[in-house]
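Read the structure below first, then the notes.
Numbering (the working numbering), first residue to last: 1 to 386.
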């Protein structure tokens, strides 16, 4: 197992009817900017719960953060922060709203002229404006980590940022919120969390036995509860296991002491930037091709995954590894997730070359757990995903 340090300061408040506890977590004298997305929280009762809880607090609202948090929109919110002398941020939404709030947390204290530099120059935020979250869509794990991904439409870019100052102070996780989430979004959430685990697990054996089993248990849980969550999101048992699995998939725990990959995300982000495809679905497009292309380097872990998560016991290591990839594709299909780029756009020709060029221009010359995926290899993987 590799050396590691682990510190996660986010307070989790989990369970039924916990949204009212937001009033106990935000200072009474704070000037709060309440951030949310397209307005669904006003239809499902979450907005009313938050507003009631914060009745005695100075709250300004900013809605309309899109599914891929857009830089131009966030810059409007940043101006509100400055104009209203905001001191505390509250994200009420899923990963996109929380990611956007993390950007604002960093940008609000950033000294430079162009906040986009935080992303392009990989500027780590050591201490941002304090913020909390009320999670409305389990998927990304952003409610308990310090990373974010921001989109800029004018340049068709989607870039990551982070730093120890971008952990939420608290996050409220009430599994009852999933009852109003459309099936498509539930399927996205399951796929997103599942792939988050794979990125941290599907590398090579390093003797981190407990970490492997942590990861496998999350994967097993997602496979087990997926049919119920899709069919009946009012099932609290399934909903609570779904929500906590999504959080545990990317709160930093399972990545400690082990190598990480994240090449699937790097390629997937480009598909979202270029075509507007849902983030989770881009991961389902890239992952199978990525594992096939890197089969020799990953087959031991693929076979272990096949045995422990999919109960594949017959055949050689190669046989089990191939079967595990096919089982993963079948799982995505059962969720209603297509796994080829051509399922989403007819304009896919040239995509692989464009992504390869972008990675070359950025100096991203060695992705993956071995830093061996050069842009020309990325091009081949993306072409395999057509």
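All C-beta atoms in this analysis are idealised placements derived from N, C-alpha and C, irrespective of residue type, glycine included.
Keep in mind the model is a prediction, meaning the values are calculated, not measured.
- Counting only the Cα atoms, residue 240 lies some 23 Å from residue 308.
- Burial state of residue 238 is buried, judged by a 10 Å Cβ sphere holding 16 or more other Cβ atoms.
- For residue 132, the enclosing beta strand (DSSP E) has its first and last residue at 131-135.
- Scanning the region 169-247 for uninterrupted alpha helix (DSSP H) segments of 4 residues or longer gives 183-201, 209-231, listed from N- to C-terminal end.
- DSSP, reduced to helix, strand and coil, places residue 334 within a helical segment of the structure shown.
- Restricting attention to 269, 295, 107, 294, the CA atom closest to the CA of residue 284 is found in 269.
- Around the beta carbon of residue 202, 16 or more other beta carbons sit within 10 angstroms, so the residue counts as buried.
- With a cutoff of 7 Å on beta-carbon distance, residue 133 and residue 98 are scored as near each other.
- Residue 184 and residue 312 have their C-alpha atoms roughly 29 Å apart.
- Contact annotation, residue 290 with residue 381: C-beta distance approximately 5 Å; criterion of less than 8 Å satisfied.
- If the five residues before and after residue 248 are omitted, its C-beta is found closer than 6 Å to the C-beta atoms of 218, all from its own chain and listed in chain order.
- An exposed status is given to residue 372, since fewer than 16 other beta-carbon atoms sit within 10 Å of its beta-carbon.
- Linking residue 43 to residue 384 through their CA atoms gives a straight-line distance of about 42 Å.
- Assigned with DSSP and collapsed to three states, residue 376 falls in helix.
- Scanning its chain for C-beta atoms nearer than 7 Å, with the 5 sequence neighbours on each side dropped, one finds around residue 235 the residues 228, in chain order.
- Between residue 49 and residue 19 a beta carbon distance of about 4 Å is seen, short of the 8 Å cut, so the two are scored as contacting.
- Straight-line measurement puts the Cα of residue 214 at about 11 Å from the Cα of residue 221.
- Between the C-alpha atoms of residue 304 and residue 321 there is a straight-line separation of about 8 Å.
- In chain order, 341, 342, 386 place their CB closer than 6 Å to the CB of residue 348, counting only its own chain and leaving out the 5 sequence neighbours on each side.
- Note that the C-beta distance between residue 32 and residue 59 is below 7 Å.
- Relative to residue 6, the option among 120, 256, 154 whose CA is nearest is 256.
- Counting the other CB atoms within 10 Å of its CB gives residue 298 a total of 16 or more, which places it among the buried residues.
- For residue 106, the closest alpha carbon among the candidates 82, 165, 286 is that of 165.
- If you draw a straight line from the Cα of residue 52 to the Cα of residue 316, it comes to about 60 Å.
- Secondary structure of residue 5 (DSSP, three-state): coil.
- In this structure the region 64-80 lies against the region 22-38, because at least three pairs of beta carbons, one per stretch, are closer than 8 Å.
- Rounded to whole angstroms, residue 211 and residue 127 show a C-alpha spacing of 29 Å.
- Three or more beta-carbon pairs drawn from the region 145-161 and the region 109-124 are found closer than 8 Å, and the two stretches are therefore classed as touching.
- Sequence-distant partners of residue 47 (beyond 5 residues in either direction) whose C-beta falls short of 6 Å from its own C-beta, in its chain, are 41.
- For residue 141, the secondary structure class from DSSP, reduced to helix, strand or coil, is coil.
- Boundaries of the beta strand (DSSP E) harbouring residue 61: 58-62, taken from the DSSP string.
- Residue range 351-362 is occupied by the alpha helix (DSSP H) that includes residue 358, with no beta strand (DSSP E) assigned at that position.
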